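Q:
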Amino acid sequence: MNLTDTLLDYIRKNPGTSYVTLQRVAEEAGFEVHGDMVIAHDQFPKVLFWAGMSDSFATAMLSLLESGRIKERPTALLVYLADGGMLRCPLAKKLKAYSTPHWCPVALDPV
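Residues 166 to 276 (my numbering) make up the sequence shown, in order.
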């Protein structure tokens, strides 16, 4: 199974999953997941949804998002704390043009 299929299969079976969990699942399946890639809001590029991804992981996630097979929705910071990871930047209180990177924690659901 390729990385995209691995991620989609997990999200379908576990709606509301975090990027932290998805990276762990992919890594356990033998894929490289850590790197310097970021997924950010299209209109507000300093609003980050996740960072520290390998090119292949980010490409797989963007493919799933852009094809409409999964979607992101805002979630509580506690979801990421429980899953064992978070970004080290301020939380985005709303979608706007921040001057520095801000993190918007999201959960991933199947469509």
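Glycine included, each C-beta is placed from N, C-alpha and C at the ideal position. This structure is a prediction, so every number in the text was calculated from the model and none was measured.
Return the chain-ordered ranges of every beta strand (DSSP E) run that is complete within the segment 217 to 273 and spans a minimum of 3 residues.
A: As far as the segment 217 to 273 is concerned, its whole beta strand (DSSP E) runs of at least 3 residues are 235 to 239.
Q: If A272 sits next to G181, beta carbons under 8 angstroms apart, how far is it from one beta carbon to the other, in whole angstroms?
A: That pair is a contact at about 4 angstroms.
Q: Specify whether the segment 202 to 213 and the segment 258 to 270 touch according to this definition: at least 3 beta carbon pairs, one from each stretch, less than 8 angstroms apart.
A: Verdict: yes, contact present.
Q: Measure from the alpha carbon of T186 to the alpha carbon of each residue in S264, A247, L256, V203, then state which is nearest.
A: When each option's Cα is compared against that of T186, the closest is A247.
Q: Across which residues does DSSP place P275 in a beta bridge pair?
A: Bridge partners of P275: I235.
Q: Quick one, are the C-beta atoms of M173 and A191 less than 8 angstroms apart?
A: At residue 173 the sequence reads Leu, which differs from the Met that was named. Not in contact: L173 and A191 (Cβ atoms no closer than 8 angstroms).
Q: Using a Cβ-Cβ cutoff of less than 6 angstroms, which residues in the same chain neighbour K236 once the five nearest sequence positions on both sides are dropped?
A: Result list for K236: D274, V276, in chain order.
Q: On the criterion of 16 or more Cβ atoms from any shown chain inside 10 Å, does M166 qualify as buried, or is it exposed?
A: Answer is exposed; the Cβ neighbour count stays below 16.
Q: Starting from A191 and walking both ways along the alpha helix (DSSP H), at which residues does that stretch end?
A: Residues 184 to 193.
Q: Would you report the Cα separation of L230 and A223, rounded to the nearest angstrom?
A: Their Cα atoms are separated by approximately 10 angstroms.
Q: Could you give the residue range of the alpha helix (DSSP H) that holds D170?
A: That run of the alpha helix (DSSP H) goes 168 to 178.
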